[in-house]
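Asks: In full-length UniProt numbering, the protein residues as written are 1 to 526.
Ideal placement from N, C-alpha and C gives every residue a C-beta, glycine not left out.
1) For residue 253, which residues of its own chain have a beta-carbon under 8 Å away from its beta-carbon, when the five flanking residues on both sides are left out?
2) Could you tell me which uninterrupted beta strand (DSSP E) segments, each at least 3 residues in length, are contained entirely in the segment 64-144, listed from first to last along the chain?
3) What does a CB cutoff of less than 6 Å around residue 171 pick up in its chain, not counting 5 residues either side in sequence?
4) Within the chosen definition, does the segment 340-356 reach the segment 237-245 through at least 3 CB pairs nearer than 8 Å?
5) Let's see if you can read the secondary structure: which residues bound the alpha helix (DSSP H) around residue 496?
6) For a test of your reading of the model: does the CB of residue 333 fall under 6 Å from any non-hydrogen atom of the ligand NAD? Yes or no.
7) Among the residues of its own chain, which have a CB less than 7 Å from the CB of residue 90, if the five just before and after it don't count?
8) Taking residue 547 as the reference, give the member of 300, 153, 335, 5 with the closest Cα.
9) Buried or exposed: where does residue 168 fall if 16 or more other Cβ atoms within 10 Å of its Cβ makes it buried?
10) So, helix, strand or coil for residue 458, using DSSP?
11) When the distance is taken between beta carbons, is residue 232 closer than 7 Å to residue 225?
12) Is residue 416 helix, strand or coil by DSSP?
13) The beta strand (DSSP E) with residue 174 in it runs from where to where?
14) For residue 264 versus residue 277, is the C-beta distance shorter than 7 Å?
15) Would you kindly report the start and end of the unbroken alpha helix (DSSP H) that includes residue 393?
16) In the structure shown, what three-state DSSP assignment does residue 380 receive?
17) Beta strand (DSSP E) containing residue 316: first to last residue?
18) Please name the residue in 523, 392, 441, 448 whose C-alpha comes closest to that of residue 514.
19) I need the straight-line Cα distance from residue 10 to residue 70, nearest angstrom please.
20) Under 7 Å between the Cβ atoms of residue 405 and residue 466?
21) The alpha helix (DSSP H) with residue 277 in it runs from where to where?
22) Tell me, which residues are paired with residue 410 by DSSP?
23) Between the alpha carbons of residue 527 and residue 111, how many angstroms are there, rounded?
24) Among 300, 501, 191, 298, which one has its Cα closest to the Cα of residue 459?
25) Roughly how many angstroms separate the alpha carbons of residue 475 and residue 509, rounded to a whole number?
26) Determine, using beta-carbon pairs with one atom in the segment 15-22 and one in the segment 35-52, whether at least three such pairs fall under 8 Å.
27) The alpha helix (DSSP H) that contains residue 166, what's its start and end?
28) With C-beta atoms as the reference, is residue 308 less than 7 Å away from residue 208?
29) From residue 319 to residue 24, what does the alpha carbon distance come to, in whole angstroms?
30) Which runs of the beta strand (DSSP E), 3 residues or longer, sit entirely within the segment 11-54?
31) What residues match up with residue 448 in a beta bridge as DSSP calls it?
32) Can you list, in chain order, the residues of its chain with a C-beta nearer than 8 Å to that of residue 445? Leave out the 5 residues immediately preceding and following it.
33) Going by C-alpha to C-alpha distance, which of 230, 293, 67 sits closest to residue 92?
34) Given this structure, state the Cα-to-Cα distance separating residue 56 from residue 238, to the nearest angstrom.
35) Does the segment 345-361 come into contact with the segment 322-333, if we say contact requires no fewer than three beta-carbon pairs (one atom in each stretch) closer than 8 Å?
36) Mapping DSSP to helix, strand and coil, what is residue 1?
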């Protein structure tokens, strides 16, 4: 969920505008967006949004938030193609100005100058952004790695990066994701050999799941399909979208022709290779639907599923659920723990050290990772000779120059959730109520009152999510009695009466279950 703001001479620019995916702490929510309150209050001074590359955690919030900011976007062609598709899907194609900047291109926004610097990553056109200001230059890496045999695009050479360092760099704002990895991330070319070996040995159908946006891996899988004599089938809307944009912008031109689901199921299993979304356990993705038999593609005993992706922390249970379903069908599975079927798109320690040597920044400002990753990169940078480093947290306002780095304030940096078609605060009333409902259940109480405010008839009780499976009738009778007693002694003040009934019914529920459910009381005049 990357959003970075740079301010200079009273003007601001934003670098990236991403989202993240919800976990069980957000019931009913799929997407989490950044709360942009700080810059929304200063939108008159915001000059534009500059995008480094096309991953969801860098561009995913654009369709939901960019129109309200009212500023133009800047991206290289492949990234712009992905963004345009998102804007069109939301009916915003004509409302948000999207400027396409050629690879390695430059442009200016007020006191800022921007130059795209291509770096290897797992998606085409991964870029650092060199930001020039009157006070010094900032090298904002985005997501990156070093790859001597990149499959897509041409990353900057060591000499080109050294030339940037020769002109002086105030700060390197850099990716911390793999800072604990002692080894370099490795080349995408090596993954082809690993996948060739695994898939050549398979006798049944093979399904490979990977991140849809990993276009370099799609290129590899296309080559592996040819190497192993299998026809290729693609399952997942996001994969279709990536392939379409990649081909339109000059990538994946030699990707094999794909076959449809029906053809894939008619061919001998040994002749088919499927590429599917869902390697992180997403319940609506193709792999989950295949695992639970709700997809046209079917797998059975003797088939193979290859997880050609890293397991993101927090997704263990969701992935385990899919893998257990596959195991129940006696389907073999291979992950990056069993074979060389994945390399990361982020730099390990050797790559970070080389970047420090080439760029020679005065300051390292770690981003992209948890606090422990950023703290470790700051320590590592200082150990390798960078003069200064500082660790921030979300909302920290830093002065890089003059006389930086210095934390000079802290601004609110909250979260928003996309709930259906509505954007809400992540910790607002709606979400807090839903969490309570999810944890404790609901008891609804209807009480009829006559013209003098006295109980008329028996209270009506309904429950949802309360653990009284076999004792439901007895509990309802007890709750009705508690509500009736409270109504009889509650007086004529309706709010006091409502609260007395609510507390009486909740105490009853707590006695029966040990939980404190949400109790909703409705008073009716008859």
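Replies: For this structure:
1) Closer than 8 Å at the Cβ level, and outside the excluded window around residue 253, lie 247.
2) Counting only runs of 3 or more, we get 73-75, 98-100, 106-109, 112-118, 127-133, 136-140.
3) 138, 361, 363, 365, 400.
4) No, they do not touch.
5) Bounds of the alpha helix (DSSP H) holding residue 496 are 494-513.
6) Among the components of this structure there are no ligands whatsoever, and the ligand NAD is therefore not found.
7) Excluding the 5 residues flanking it on each side, residue 90 has same chain C-beta neighbours closer than 7 Å at 63, in chain order.
8) In the structure displayed, the chain extends from 1 to 526; residue 547 sits before or after that span and is not available.
9) Exposed: under 16 other Cβ atoms inside 10 Å.
10) Taken through DSSP and simplified to helix, strand or coil, residue 458 comes out as coil.
11) Yes.
12) If DSSP states are grouped into helix, strand and coil, residue 416 belongs with the strands.
13) 169-175 is the span of the beta strand (DSSP E), which, as asked, contains residue 174.
14) Result no, Cβ atoms of residue 264 and residue 277 do not sit closer than 7 Å.
15) No alpha helix (DSSP H) holds residue 393; DSSP gives it neither H nor E.
16) Helix.
17) Careful: residue 316 lies outside any beta strand (DSSP E), inside the alpha helix (DSSP H) at 316-328.
18) Of the listed residues, the one whose Cα sits closest to residue 514 is 441.
19) Each residue's alpha carbon lies about 18 Å from the other.
20) No, the pair does not count as a contact, with Cβ atoms beyond the cut-off.
21) No alpha helix (DSSP H) holds residue 277; DSSP gives it neither H nor E.
22) Its beta-bridge partners are 396.
23) Residue 527 lies beyond the range of the chain shown here (1 to 526); nothing can be said about it.
24) A check of alpha carbon separations from residue 459 across 300, 501, 191, 298 identifies 501 as the nearest.
25) Residue 475 and residue 509 have their C-alpha atoms some 8 Å from each other.
26) Enough Cβ pairs lie closer than 8 Å, so yes.
27) Segment 158-166, the alpha helix (DSSP H) holding residue 166.
28) Contact flag set, yes.
29) Between the C-alpha atoms of residue 319 and residue 24 there is a straight-line separation of about 14 Å.
30) 11-17, 31-34, 46-50, all fully within the segment 11-54.
31) Here residue 448 is bridged, per DSSP, to 524.
32) Correct list, in chain order: 459, 460, 461, 479, 483, 501, 502, 505, 519, 520, 521, 522.
33) Distances from the alpha-carbon of residue 92 to those of 230, 293, 67 put 67 closest.
34) Each residue's alpha carbon lies about 11 Å from the other.
35) Using a C-beta cut-off of 8 Å, the segment 345-361 makes no contact with the segment 322-333, since fewer than three inter-stretch Cβ pairs fall below that distance.
36) Secondary structure of residue 1 (DSSP, three-state): coil.
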